[in-house]
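Here's the structure, in structure tokens; my notes come after.
Numbering (the working numbering), first residue to last: 500 to 1101.
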């Protein structure tokens, strides 16, 4: 890894410093190394297969008293107390490459799936309902929280059921795939990290419905659904970001084995030709579709989703899907899976694949310009009209995806003429828009979107940092881009330092949603307001890796160089006894409210 290269021999006084740049190169090194080490150490690996943990929920303080968490069953219209919630979990091959909800060995219940674990009656106890299901019963007299004992087969074939912190979090691993691979593309060379990403990528591509989890198909299953049913099991953008793009970039970066490439290359080709290059492709059992629009006059092309609302097909998700298709095509061309000269016919227009990519980059640049920096105006209109949930609208993240697509297209020589001529205008507006989105009371932090702004969102903050770095890579150095990078970098690094000082077993995480498909146990115990640790940590790694790819003159402005090199901070953590389960309680400054958690992509 290039960590040592950051510590230069320049004299501090000779370096032009950006106002407010307080993070040192050593701080960034330590944060990056800590995150990389965590991902390498906490992943389930082949050596873990067959290893068992017995998780026994420790309970916690609720309503001013200690409450225990018990499993319960129902028999003859009576509630049967089965004792403290406890399960023996054994790692299986389907878990290799994934990460736990929090950390290995954590015996706290983090969430309960009310669709598989719900009560039929209240038994004169306080009922906690989620989506109309009785997900828990509270006995305030005896200080017990009852959770329905999971059905037969748990935890081997029932997922999530009841998810303890030390169990695999499949959806978080899936969501992390693009940024895990991106960090390697950006230059992270740490061998343990690369091996961890390789295992995660192999899991993502090959494992189908682990432990019965229907929302994690394999790549072959996705293709089978398309060929046999005529539609994808999930939206095209998700298929590309979580499977195809990591697989293609992973191949370029040496993260895909020869056997996996030989086995799944044809599946990727099928998705490129039959989904990306199709006039339209359906998903969600045909209730939604992705449509490719081509305008040969203005040389514009874009993909967008449509869903039927009151007999009208409503368009949305244009930037997310267009950026995904551009990235997939750019890297498929690079690897020789498809020729840029191959012709495709969309409606009445016949165009080469190479020109289609160029026209799509024209569209992405136009989206930035039309939205005055926010390329997701179509999505915002859908929210304003009530057709699109504001919890599913991530403009800062989607803007980053668009910049990623533009950057990789430029590297491949596939930027359209309009994109080339107007890119700097688009980037100027993007940086100005981000300045306006920065939270005034939280320097360097960004919200979920314009509608959910009461607290910072960690994924959006990392996406903003990556986007700013990519804007610089694309040639933009105007406005306050250096100041924004410096403040955002500091916000991320300071969170790492805070977690280190408190002895946490993780540095970054996503607090559990206030509302969602699951019952989150943080409803009772505030110290369980945590999940998706791997997803959040991968976000941080890719953001820091993007900083390390900045030109030297920009790096000198966003980080200070210490006059003396301090010894690197150890990544070994110790726990304190500040909570009932022996872990320190930390409510993070960066709170991703209503973040995915298996919600938005479920």
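Glycine is no exception: its CB is placed at the ideal position from the N, C-alpha and C atoms.
When the Cα of residue 755 is compared with those of 696, 711, 714, 826, which residue comes out closest?
One-based indexing of the chain shown puts residue 755 at position 256. Here the closest residue by C-alpha is 696.
Identify the continuous alpha helix (DSSP H) that holds residue 701 and give its terminal residues.
For the purposes of this step, residue 701 is identified with residue 202 of the chain shown, where counting begins at 1. Start and end: 690–705.
If you measure between the beta carbons of residue 678 and residue 596, is that distance less than 9 Å?
Your numbering for residue 678 matches position 179 in the chain shown. Your numbering for residue 596 matches position 97 in the chain shown. Contact: no.
With three or more C-beta pairs closer than 8 Å as the rule, is the stretch 629–638 touching the stretch 991–1000?
These segments do not touch.
DSSP has residue 477 in a bridge; who is on the other side?
Because the chain in this structure spans residues 500 to 1101, residue 477 falls outside the shown range and cannot be described.
I'd like the list of long-range same chain contacts for residue 971, defined as Cβ closer than 8 Å, with 5 residues on each side in sequence excluded.
Here residue 971 refers to the residue found at position 472 of the chain shown. Closer than 8 Å at the Cβ level, and outside the excluded window around residue 971, lie 980, 984, 1049, 1050, 1053.
Counting C-beta neighbours from all protein chains within 10 Å, is the total for residue 871 16 or more, i.e. buried, or is it exposed?
Here residue 871 is taken as the residue at index 372 of the chain shown, counted from 1. Answer is exposed; the Cβ neighbour count stays below 16.
So which of 627, 601, 604 has the shortest CA-CA distance to residue 612?
Looking up residue 612 in the chain shown gives position 113. Nearest of 627, 601, 604 to residue 612, Cα basis: 627.
Note down, in chain order, each residue of its chain lying with its Cβ closer than 6 Å to the Cβ of residue 1061, except the 5 sequence neighbours on either side.
Within the chain shown, numbered from 1, the residue matching residue 1061 stands at position 562. So the qualifying residues of the chain are 523, 525.
Taking residue 1038 as the reference, which of 560, 527, 534, 529 has the closest Cα?
Numbered from 1 along the chain shown, position 539 holds the residue referred to as residue 1038. That would be 534, whose Cα lies nearest to the Cα of residue 1038.
Tell me, which residues are paired with residue 1059 by DSSP?
Looking up residue 1059 in the chain shown gives position 560. Answer is 523, bridged to residue 1059.
Pull up the distance between the alpha-carbon of residue 733 and that of residue 783, whole angstroms please.
Reading the chain shown from its first residue, position 234 is the one you call residue 733. Reading the chain shown from its first residue, position 284 is the one you call residue 783. In a straight line, the C-alpha of residue 733 is about 6 Å away from that of residue 783.
To the nearest angstrom, how far is it from the Cα of residue 620 to the Cα of residue 565?
As a first step, residue 620 must be located in the chain shown, where it is residue number 121. As a first step, residue 565 must be located in the chain shown, where it is residue number 66. Rounded to the nearest angstrom, the two C-alpha atoms are 25 Å apart.
For residue 536, which three-state DSSP category applies?
The residue given as residue 536 occupies position 37 in the chain shown. Here residue 536 sits in helix by DSSP.
State the DSSP-derived secondary structure class of residue 868, mapped to helix, strand or coil.
Locating residue 868 in the chain shown gives position 369, where the first residue counts as 1. Here residue 868 sits in helix by DSSP.
Which value, in whole angstroms, describes the spacing of the CA atoms of residue 862 and residue 990?
Walking along the chain shown from the start, residue 862 turns up at place 363. Walking along the chain shown from the start, residue 990 turns up at place 491. Spanning the two alpha carbons is a distance of roughly 33 Å.
So, using beta-carbon positions, are residue 744 and residue 823 closer together than 9 Å?
Taking the first residue of the chain shown as position 1, residue 744 is located at position 245. Taking the first residue of the chain shown as position 1, residue 823 is located at position 324. Their beta carbons are under 9 Å apart, which means residue 744 touches residue 823 by this criterion.
Measure the C-alpha to C-alpha separation of residue 493 and residue 598 and round it to an integer number of angstroms.
Because the chain spans 500 through 1101 in this model, residue 493 falls outside it and cannot be assessed.
Give the secondary structure of residue 632 by DSSP, where H, G and I count as helix, E and B as strand, and everything else as coil.
For the purposes of this step, residue 632 is identified with residue 133 of the chain shown, where counting begins at 1. Residue state, collapsed to three classes: strand.
Under 8 Å by Cβ, that's how I've got residue 900 and residue 815 pegged, so tell me the actual separation to the nearest angstrom.
As a working note, residue 900 is residue 401 in the chain shown. As a working note, residue 815 is residue 316 in the chain shown. Wrong, their Cβ atoms sit about 15 Å apart, outside the cutoff.
Indicate, with yes or no, if the ligand SAH has a heavy atom lying under 8 Å from the CB of residue 881.
As presented, the structure is devoid of all ligands, the ligand SAH included, so that no description of it is given.
May I ask you to report which of helix, strand or coil DSSP gives residue 570?
By 1-based counting over the chain shown, the position of residue 570 is 71. Residue 570 falls in the strand class under three-state DSSP.
Are the CB atoms of residue 440 and residue 767 nearer to each other than 9 Å?
The question about residue 440 has no answer here: the residues shown for the chain are numbered 500 through 1101.
If you follow the beta strand (DSSP E) that residue 806 is in, where does it begin and where does it stop?
Residue 806 sits at position 307 when you count from the first residue of the chain shown. Residues 799–808.
Near residue 808, which residues of its chain fall below 7 Å by C-beta distance, leaving aside the five closest residues on each side in sequence?
Stepping through the chain shown from its first residue, residue 808 is reached at position 309. Counting only Cβ-Cβ distances below 7 Å, and skipping sequence neighbours, we find 886.
Assign residue 1047 to buried or exposed, taking buried as 16 or more other Cβ atoms, counted over all protein chains shown, within 10 Å of its Cβ.
In the chain shown, the residue the question calls residue 1047 occupies position 548. Under this definition residue 1047 is a buried residue.
With DSSP as the reference, identify every bridge partner of residue 811, one or two as the case may be.
The count along the chain shown starts at 1 and reaches residue 811 at position 312. Beta-bridge pairing links residue 811 to 808.
Check whether the Cβ atoms of residue 904 and residue 859 sit closer than 9 Å, and answer yes or no.
The count along the chain shown starts at 1 and reaches residue 904 at position 405. The count along the chain shown starts at 1 and reaches residue 859 at position 360. Against a cut-off of 9 Å, the Cβ pair of residue 859 and residue 904 comes out as a contact.
Measure the C-alpha to C-alpha separation of residue 640 and residue 720 and round it to an integer number of angstroms.
In the chain shown, residue 640 corresponds to position 141, counting from 1. In the chain shown, residue 720 corresponds to position 221, counting from 1. Answer to the nearest angstrom: the Cα atoms are 50 Å apart.
So, with DSSP's three-state summary, where would you put residue 854?
Walking along the chain shown from the start, residue 854 turns up at place 355. If DSSP states are grouped into helix, strand and coil, residue 854 belongs with the helices.
Given a cut-off of 9 Å on the beta-carbon distance, is the pair residue 876 and residue 945 in contact?
Looking up residue 876 in the chain shown gives position 377. Looking up residue 945 in the chain shown gives position 446. For residue 876 and residue 945, no; Cβs fall outside 9 Å.
Can you give me the start and stop residues for the beta strand (DSSP E) that residue 781 sits inside?
On the chain shown, position 282 is the one that residue 781 refers to. That run of the beta strand (DSSP E) goes 779–782.
On the criterion of 16 or more Cβ atoms from any shown chain inside 10 Å, does residue 742 qualify as buried, or is it exposed?
Position 243 of the chain shown, counted from the start, is the residue given in the question as residue 742. Looking at its Cβ environment, which holds 16 or more other Cβ atoms inside 10 Å, residue 742 is buried.
Ignore the nearest five residues each way along the sequence and tell me which others in residue 655's own chain have a CB closer than 6 Å to its CB.
Counting from one through the chain shown, the residue named residue 655 turns up at place 156. Cβ within range, chain order: n/a, list empty.
Could you tell me the distance, in whole angstroms, from the CA atom of residue 716 to the CA atom of residue 722?
Here residue 716 refers to the residue found at position 217 of the chain shown. Here residue 722 refers to the residue found at position 223 of the chain shown. Distance between the alpha carbons of residue 716 and residue 722 is about 10 Å.
Go ahead and label residue 797 buried or exposed: buried means 16 or more other beta carbons lie within 10 angstroms of its beta carbon, across all protein chains shown.
If you number the chain shown from 1, residue 797 lands on position 298. Residue 797 is exposed by the Cβ-count criterion.
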